[in-house]
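The structure appears right after this line, and notes come after that.
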Amino acid sequence: MELNQLTYFIHLAETLNFTAAAKLSGISQPSLTRSIRRLEEELGGPLIYRDGKNSRLTGLGHDVEIEFRKMMAALQSVRHHSDNWSAGRHRTIDVAVAPTVGPGAFTDFVSSALEHVPSVEIKLHSLLPGEDAAELLSGKYHACILPREPRPDRKLDLRPLFRERFVLGCAADHPLARAEVVRCEDLRHFPYVDRL
């Protein structure tokens, strides 16, 4: 299987027309047809029903189109990384930020990092509900900005970035509204919404 065959097939899947796919691919229609036939032989089945103007993908054709697109996306990612190296941007760091952490809490950190290491590109991702520092261990992210410290793990390097003061908002006639100080244990007797 050759890379150009994947491109040709994707063009064919998009157009469902051999002539149009050949034009998109920059080759002759007979060359594209031969390439698709070789691909079908290699994969062990037809990829497209050839019904003149009513061509359509087979079940196998639909399945491999999805996989070929994934392969092309992976190749594009490799090219992106290669282009970054060539342009002097040597590394992309994926940083996940918990949705409860406001942007003011980490913008100074990001600005400082980019100032000190301009060859790095930082991509920010929203940490999804249920995700935590374990996503770092899985390799999904390089760093996470969390509102609270996760369970200790010797594989993680934890650094405090900022401190946050918590406040309680309640109705003026609520029993805790008159308290000078509210401790966490004071809340256990009342229903409340925790922003974390």
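Going by my numbering, the sequence shown opens with residue 949, and the numbers climb by one from there. By construction, the Cβ of each residue, glycine as well, lies at the ideal position given by its N, Cα and C atoms. Only a predicted model underlies this, so the values are computations on that prediction, with no experimental measurement involved.
- Residue from D1011, E989 and A1044 whose Cα sits closest to the Cα of S1086: A1044
- Candidates P1100, L1106, V1129 and D1101: which alpha carbon is nearest R1113's? V1129
- Message: Using the three-state DSSP reduction, which class does C1132 fall into: helix, strand or coil?
- Response: helix
- Message: So, with DSSP's three-state summary, where would you put A1120?
- Response: coil
- Which whole-angstrom value describes the C-beta separation of K1001 and D1042, a residue pair presumed to lie in contact below a C-beta threshold of 8 angstroms? About 46 angstroms separates the two Cβ atoms, so there is no contact after all.
- Please list, in chain order, all residues of the same chain as E962 whose beta carbon is under 8 angstroms from its beta carbon, the five residues on each side excluded. A969 and L972
- Task: Assign L1144 to one of three DSSP states: helix, strand, or coil.
- Result: Low confidence applies here, because L1144 scores a pLDDT of 49, under 50, leaving its location unreliable and the question unanswered by this model.
- What residue range is occupied by the uninterrupted beta strand (DSSP E) comprising L1072? V1068 to S1074
- May I have the straight-line CA-CA distance separating A1091 from H1038, to the nearest angstrom? 17 angstroms
- Any contact of the region 1021-1032 with the region 1053-1063, i.e. 3+ C-beta pairs under 8 angstroms? no
- Item | Status (buried if at least 16 other CB within 10 Å, exposed otherwise) for L1109 | exposed
- Starting from the N-terminal side, write out each stretch of the beta strand (DSSP E) that is 3 residues or longer and does not extend beyond the region 972-1051. 1039-1045
- Give the single residue among E1079, D1101 and H1029 whose Cα lies nearest to the Cα of R1094. Here residue 1094 turns out to be Leu, not Arg, going by the sequence shown. Closest by alpha carbon: E1079.
- Message: I'd like to know if the region 1004-1018 and the region 1057-1070 are in contact, where contact means that at least 3 CB-CB pairs between them fall below 8 angstroms.
- Response: no
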